[in-house]
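Going down the list, the sequences are from chains H and D. Heads up, my numbering is the position in the first sequence plus 704, with the first residue counted as 1. Heads up, my numbering is the position in the second sequence plus 704, with the first residue counted as 1.
Protein chains: 2
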Amino acid sequence: MSINARITGVRALLKKHHIDALIVSSSDPHQSEYISGHWKGREWITGFDGSAGTALVTHNHAGLWTDSRYFLQAEQQLSISTFNLHKIVDRTSPGYIEWLCSNLNDGDTVAINGLTCSKAQEISLRSQLNKHNIKLVTHLDLIAEAWTNQPPLPNSKAFKLDDIFTGKAAKTKITEIRKHIFVKKAKYILLAALDEIAWTLNIRSKDIEYNPVAMCFLLIGSEKNYLYIDEIKIIQLKDYLRELDITIRPYESLDEDLKNLKEPILLDHTICNAYHHDCIDSTLVINSPSIPNILKAEKNDVELENFKKSMIKDGVALSMAFNWLENNMHNGISEFDFGEKLTHFRAQQENYFGKSFSPIVGFNSNGAIIHYRAKKDTAKIINGNGWLLCDSGAQFYEGTTDITRTFSFGEPNEEQKKAYTLVLMGHIDLAMAQFPKGTKGVQLDLLARQHLWQEGMNYAHGTGHGVGHFLNVHEGPQGFDSGNSARGKAEIKLGMVTSNEPGYYKKDGFGVRIENLVVTVNADTPNYLKFETITLYPIDKKPIDKKLMNNAQIEWLNHYHRLVWEKLSPHLDEELQNWLKPQCSPI
Amino acid sequence: MSINARITGVRALLKKHHIDALIVSSSDPHQSEYISGHWKGREWITGFDGSAGTALVTHNHAGLWTDSRYFLQAEQQLSISTFNLHKIVDRTSPGYIEWLCSNLNDGDTVAINGLTCSKAQEISLRSQLNKHNIKLVTHLDLIAEAWTNQPPLPNSKAFKLDDIFTGKAAKTKITEIRKHIFVKKAKYILLAALDEIAWTLNIRSKDIEYNPVAMCFLLIGSEKNYLYIDEIKIIQLKDYLRELDITIRPYESLDEDLKNLKEPILLDHTICNAYHHDCIDSTLVINSPSIPNILKAEKNDVELENFKKSMIKDGVALSMAFNWLENNMHNGISEFDFGEKLTHFRAQQENYFGKSFSPIVGFNSNGAIIHYRAKKDTAKIINGNGWLLCDSGAQFYEGTTDITRTFSFGEPNEEQKKAYTLVLMGHIDLAMAQFPKGTKGVQLDLLARQHLWQEGMNYAHGTGHGVGHFLNVHEGPQGFDSGNSARGKAEIKLGMVTSNEPGYYKKDGFGVRIENLVVTVNADTPNYLKFETITLYPIDKKPIDKKLMNNAQIEWLNHYHRLVWEKLSPHLDEELQNWLKPQCSPI
């Protein structure tokens, strides 16, 4: 069915239900960033498969709102349909709400599936629409009604992740969460975020691509716990879950149980979906930032030791992959082929579980598309002259990896060398930062941007995001971000793992991004923190304009390369050692 | 009457009115930072005269909550009473509310004078207290009841500031504000902030020390305007105000007029006091950020040209004052004496109106008290060996000045030189910054702190605040701030005047602060902004450890000193020129 036929189908349903506009979000009932096919209604209706974006269908307009990371991709993918691209320039205001307020009439009705938006989003949306006397309904799922071949919910088997990887038993985590429930004077807490549940129970699964989680809800009570999940998915975990005082309930019966609740319940308005929220007697709800979200982000020593092991595996696999590329480039390797090779070499490592996201391999102008994904048919050939940006990562039992390197093949010009060096200087300044406890990501973000800004250059994405421990590659609460995101406002705390990934993108030209993961560690000064860079792979030295860098930056780079060599070389054969060694020499 | 007798008096009133706790804020009905004696109830009840702090009196506790800028001062001033100092460490949470929630009982009643808190503060306070079933009443003024010698309201004569200083006629400003009222679909806007009214009407007065404003309220309507002010204060302005369609009404009759209002009114919850807000039919209120607050901050070209003239006067006066100090130090000049001399030399300049704040002259350990004010009897003698911190400013018709310099007399030690140089490097990095439009103060604050942080050093205040044009020395909306203040979240826009004042304070040792005012100007790159430093006075070169600085910082300093010399020297006699010249030579 063509996109235009789908729009026609949805419009017929709008008419039938007396709805004037349908909002189709990119979310699932768990506020997941990556979602299973069942919930990809926004992609189905628009044809745009970027991870962020909101679609709107009215009787005479079909629009997609997305942010700067996706402008190029959306322009390409929407060109075959009648969907209009609305660019979100200021990420603080989701433009589609303003559009609705300006374009609908007094008394009109907007629909959104309450399962696919958080309660906080619904409150904000409703209050803005109400000012213009526009009604909001959340009980309809028009996409399900229109989408004849909607994929079923996923049903992978979940498994227990051993405490040698997690460092903390699920029983202990539940005890900590129950203490929090007690302090907040509640009887229950509802966990809806899939990575929070996976972290709490020390289970992993394959329900969602890239994110090793199981689709379920977890209700932790001061005495008993309830896991809402299709029983077939945890058939081998029954004893384990019973030991955790967990009763298994069908995924679909959460709403019924919530309706019958009689005691105070903690939930996080920014995570709990509007539909499930509204099942609960409103006098019982205590809106409170989700505690596992914070506990999970501050990694324990066992998790951090494992993280470091995963970085060695990742560095070894990258050595093999980039060596392979160098040796085979003359055969015409495409961006797509090389993405596959990256996966191939990672998959040879022990305890490999999968990709942590779809690799971004962008040659020359494709490197300037921030969230580019090469397709088999249209991928560029990585010929020996130009810039290659590779952003990729893996899931190992020991940890989640996420690394970007940019390579210059052939002779870089002055503009390119300058851009590359300014990005590197920002990366290093952030990596070297020391800061008092309580500092937030928004305060540190400038370290990575300042050298670019002085030259009137910038990058249209955050500088870094939290990374889960064998969990989601994007996790909250923290991040380095210039914007008004919740991420930027969160404190950078001890044990957090965060990406450090400044970049520069010249449209139709080339892209630069240099990304390592850093752990927050104690500094020598009491009450001060600093970062330890844990990602291990050489940073291309060829495009560096050394005279732009200060001594501290040069020293950091040389020290980093010494570390990379020390950690990776014992795991490489002699040929690879000989190949890697000069890449780790000082500048 | 002793502080303890005042507490006893207030406690008797608590009993009489069945109140369990009284909150005494530091504010007036206009949310002024500096307040007239009539509203200094918090100072009267506690004895603490710092500008920020909240007092709480219950039947068995008397406490003052203040932030780190005032810890030392409050410790000294509260020592003679039974008031307990509660230190606010995290400025995001006013600790006294938490204290009330933990220490009062279910069903208790708290009182605050609704005139002395904004509606936003009252809403937040009420919602937090309500959670603990504690009532809030806002109709009582217990301080007025207890304070037998409460000073009357001020009644200075207001005057018109000529358009050659303001660059924009009041009529034009009112037209701009009326456009905003129209856009927001209202009929009125209530202005309560005194500097906003002074800016809008181009009038100035002396009702409040340091702030050249008149106590009044202004109600701008789409057709008529109403100024609530004691008529005696504007007797010479009657014709001028009539031309602006302004009807004069008594200051006290605002509440009656608000009660009779029948059409929608814009007001800013963070400025309008709770009492006046609650006079209005709540369905008519549109809460919206005050438009003059933003218009006022983006100075026009005439204001900026005048600002620069005021900086020359200020620099000339400082040259005279510091030269005088150097020549007279052997006679035993105290901090207090020198503060008076600073004022003396400024007052000789044309169009001088007064101080913009009480000068901070702190020698050695007193320099480490961030908001220190020397008293005549207890001031230190500035002997020839040590560190002198001078933070002072003036009101000229041309503009408001605010400058801090730190001088090292005698031989600075290594620790002191390092601290001084790191502060200077931060000051310069911020002064040199270039940034894209839309950048907020919180993002830039780090530039001033980064070098200190790397050494585990910091300063417990914001890096900068907005400065009014011949108006309040602290004005919104913008600022450089690491905290969660509204100031840090505001955009740094073209034409704004902001202070750049990093520091370092070693308790019982010495203080360093280097402060200039900067104007936001366009950078060469489109859509980028940068700063122009407009304050003109040499920065002490003696304590600089040049090897810590990079070339760009050294160049900036040398260029700045060249500018200071060029601008000031034509206004100095030969003796002063000879004295100033070496201070402006390159390092």
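Positions of the beta carbon are idealized from the N, C-alpha and C atoms, including for glycine.
Query	Result
Residues of chain D with CB under 8 Å from alanine 1227(H), in chain order?	Gly1160
Output needed for threonine 904(D): all residues of its chain with C-beta closer than 6 Å, excluding positions within five of it in sequence on either side, in chain order.	Lys877, Pro996
Provide the residue span of the beta strand (DSSP E) that contains cysteine 805(H), from first to last.	Where cysteine 805(H) is concerned, there is no enclosing beta strand (DSSP E), although the alpha helix (DSSP H) it sits in stretches over 799-807.
According to a CB-to-CB cut-off of less than 9 Å, which residues of the stretch 1129-1162 of chain H neighbour chain D?	Asp1133, Met1136, Ala1137, Gln1138, Phe1139, Pro1140, Gly1142, Thr1143, Lys1144, Val1146, Gln1147, Leu1148, Asp1149, Leu1150, Leu1151, Arg1153, Gln1154, Trp1157, Gln1158, Glu1159, Gly1160, Met1161, Asn1162
Closer than 9 Å by beta-carbon distance: list the chain A residues that pair up with asparagine 1254(H), in chain order.	Looking at the structure shown, chain A is missing, and the protein chains on hand are H and D.
Which term fits glutamate 1219(D), buried or exposed, when burial requires 16 or more other beta carbons within 10 angstroms of its beta carbon?	buried
Any chance you could list the alpha helix (DSSP H) runs of at least 4 consecutive residues sitting entirely within the stretch 985-1016 of chain D, in chain order?	995-1001
Which whole-angstrom value is the C-beta distance of glycine 1097(H) and serine 1060(H), which I expect to be below 8 Å?	4 Å
At a cut of 8 Å, does the stretch 759-778 of chain H reach the stretch 801-818 of chain H through at least three beta carbon pairs?	yes
Which of helix, strand or coil does DSSP assign to threonine 1125(H)?	helix
Mapping DSSP to helix, strand and coil, what is proline 733(D)?	coil
I believe leucine 1175(D) touches proline 993(D) by the beta-carbon criterion, under 8 Å. Please report the beta-carbon distance rounded to the nearest angstrom.	Actually they are not in contact, since the Cβ atoms of leucine 1175(D) and proline 993(D) sit about 18 Å apart, beyond 8 Å.
With a cut-off of 8 Å on the beta carbons, I'd call lysine 1013(D) and phenylalanine 1040(D) a contact; round off their distance for me.	Contact doesn't hold; Cβ gap of about 30 Å is too wide.
Between serine 992(H) and chain D, is there a C-beta pair that is closer than 8 Å?	no
What number of angstroms, rounded off, separates the C-alpha of tyrosine 1264(H) from the C-alpha of glutamine 1287(D)?	43 Å
Bridge partners of serine 1112(H), per DSSP?	Trp1091(H)
Would the stretch 970-980 of chain H count as touching the stretch 1158-1165 of chain H if we require 3 or more Cβ pairs under 8 Å?	no
Could you pull the start and end residues of the alpha helix (DSSP H) that glycine 745(D) belongs to?	745-750
In the DSSP assignment, find the alpha helix (DSSP H) that holds asparagine 1226(H) and state where it starts and stops.	First-last for asparagine 1226(H): 1220-1226, but that is the beta strand (DSSP E), not the alpha helix (DSSP H).
Please report how far the alpha carbon of tryptophan 1283(D) lies from the alpha carbon of leucine 1128(H), in whole angstroms.	46 Å
For chain H, check one thing: does any of its Cβ atoms lie closer than 8 Å to the Cβ of tyrosine 1232(D)?	yes
Under the rule that 16 or more other beta-carbon atoms within 10 Å means buried, what is aspartate 911(H), buried or exposed?	buried
Alpha carbon to alpha carbon, how far is serine 1069(H) from aspartate 1212(H)? Give it in angstroms, no decimals.	4 Å
Here's the rule: buried if 16 or more other CB atoms are within 10 angstroms of the residue's CB, otherwise exposed. What is glycine 1192(H)?	buried
So that I know if they touch, is there some Cβ in chain D lying closer than 8 Å to that of serine 785(H)?	no
For serine 1186(H), return the contacting residues in chain D, with the cut-off set at a CB-CB distance below 8 Å.	Thr1143, Gln1147
Is the CB-CB distance between tyrosine 1101(H) and phenylalanine 1057(H) below 8 Å?	yes
Please state the DSSP three-state secondary structure of phenylalanine 1057(H).	strand
Would DSSP call asparagine 654(D) helix, strand or coil?	An answer regarding residue 654(D) cannot be provided, because it is not within the stretch 705 to 1291 covered by chain D.
Cβ atoms of aspartate 1185(H) and glycine 1145(H): under 8 Å apart, would you say?	yes
Shortest alpha-carbon distance to serine 860(H) belongs to which of Asp934(H), Gly1043(H), Pro1063(H), Leu1008(H)?	Asp934(H)
Can you find the residues in the same chain that come closer than 8 Å, C-beta to C-beta, to leucine 844(H), ignoring five residues on each side of it along the sequence?	His721, Ile723, Ala815, Asn817
What are the boundary residues of the alpha helix (DSSP H) that includes tyrosine 944(H)?	942-947
Answer with buried or exposed for leucine 895(D), where buried requires no fewer than 16 other C-beta atoms within 10 angstroms of its C-beta.	buried
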